[in-house]
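Asks:
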Ligand SMILES: O=C(O)CCC(=O)C(=O)O
Ligand SMILES: [Fe+2]
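Residue numbers (this note's numbering): 6 to 229.
1) Output the boundary residues of the beta strand (DSSP E) element that contains residue 67.
2) Flag this pair as yes or no: are the beta carbons of residue 89 and residue 186 separated by less than 9 Å?
3) In the structure shown, what three-state DSSP assignment does residue 6 receive?
4) Leaving out the 5 sequence neighbours to the left and right, which residues in its chain are closer than 6 Å to residue 29 when beta-carbon positions are compared?
5) Whole angstroms is fine: what's the gap from residue 92's alpha carbon to residue 13's?
6) Suppose only complete runs of 3+ residues qualify. What are the beta strand (DSSP E) ranges in the region 137-203, listed by chain order?
7) Pairing CB atoms from the region 198-208 with CB atoms from the region 58-69, are three or more of them under 8 Å?
8) Please work out which residues of its chain come closer than 7 Å, Cβ to Cβ, to residue 32, disregarding the five sequence neighbours upstream and downstream, and give them in chain order.
9) What's the C-alpha gap between residue 147 and residue 84?
10) When DSSP labels each residue in this structure, what does residue 33 get in the three-state scheme?
11) Over what stretch of residues does the beta strand (DSSP E) that includes residue 60 continue unbroken?
12) Does the region 39-59 touch the region 147-162, meaning 3 or more C-beta pairs lie closer than 8 Å?
13) Within the continuous alpha helix (DSSP H) that includes residue 127, where are the two ends?
14) Hey, how far is the Cα of residue 1 from the Cα of residue 193?
15) At a threshold of 8 Å, does residue 138 count as lining ligand 2 (C-beta to nearest heavy atom)?
16) Would you check whether ligand 1 has a heavy atom nearer than 8 Å to the C-beta of residue 188?
17) Leaving out the 5 sequence neighbours to the left and right, which residues in its chain are closer than 7 Å to residue 130 when beta-carbon positions are compared?
18) What three-state label does DSSP hand residue 213 in the structure shown?
19) If you scan the region 74-100 from start to end, which runs of the alpha helix (DSSP H) of 4 or more residues do you find wholly inside it?
20) Check the DSSP bridge columns for residue 116 and list the partner residues they point to.
21) Pull up the distance between the alpha-carbon of residue 196 and that of residue 121, whole angstroms please.
22) Taking 8 Å as the cut-off, does the CB of residue 140 come closer than this to any heavy atom belonging to ligand 3?
Structure below.
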């Protein structure tokens, strides 16, 4: 399912992740893996819920998206649950963080599906409850001008940092992944710019030993 970066590249990826709180992992999902996960996502989307609200604990930033929480995914897609616990994947994440990485216990937040599919759909500004977000792209708008970009601000957790000098916007393609230091890095997904484009991701959350438990109510509002 995965095409892992070669061991020789991991030290430079680790340094980049440590400097920016973000590292891109192009083509992390193999072509076969992408076909499998995209078809799982299409099936799961039938059970997903449309969300349109502002997140009170994240400065009222907007959520316009369709989501499915991890507890529902675990029920319907053993493939995704197995992938979340992949030992080689967790070894890669440990090497990028430079310390041990463990699965999140919370069944809702450990792996979630986020679908942006209407013009204006956005996953507004926030930080995550857990330190690591591995985001896998199953669908993505073809051009940066179509929106759906990840925006983040290295080294800043305050949500005002988005849009401020130093914030970065990144475009990804289907099959790409990225790793984000998501509890300490303000981030959002920019609004989709036109009809007909879709952005579907799986977000795998990971943590470090001894650190379990949500720090905000955001996941329960977005995924329950
Ligand atoms: O879709 C993305 O790129 C970010 C997802 C995210 O921030 C989240 O699920 O917490
Ligand atoms: Fe996030």
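Cβ atoms here follow ideal geometry from the backbone N, Cα and C, with glycine treated the same way.
Replies: Walking through what the data contain:
1) 66-73
2) no
3) Residue 6 carries a coil assignment under DSSP once its states are collapsed to helix, strand and coil.
4) 183
5) 19 Å
6) The beta strand (DSSP E) runs lying completely inside the region 137-203 and spanning 3 residues or more are 137-144, 155-157, 173-175, 182-186, 192-194, given in chain order.
7) no
8) 8, 180, 181
9) 27 Å
10) Secondary structure of residue 33 (DSSP, three-state): coil.
11) Following the DSSP letters along the chain, one finds residue 60 inside the beta strand (DSSP E) bounded by residues 54-60.
12) no
13) No alpha helix (DSSP H) holds residue 127; the beta strand (DSSP E) holding it covers 127-131.
14) In the structure displayed, the chain extends from 6 to 229; residue 1 sits before or after that span and is not available.
15) yes
16) no
17) 63, 64, 66, 164, 167, 191, 193
18) coil
19) 75-81, 83-89
20) Under DSSP, residue 116 takes part in a beta bridge, and its partners are 209.
21) Going by the C-alpha atoms only, they are around 9 Å apart.
22) The model depicted lacks ligand 3 and carries ligand 1 and ligand 2 instead.
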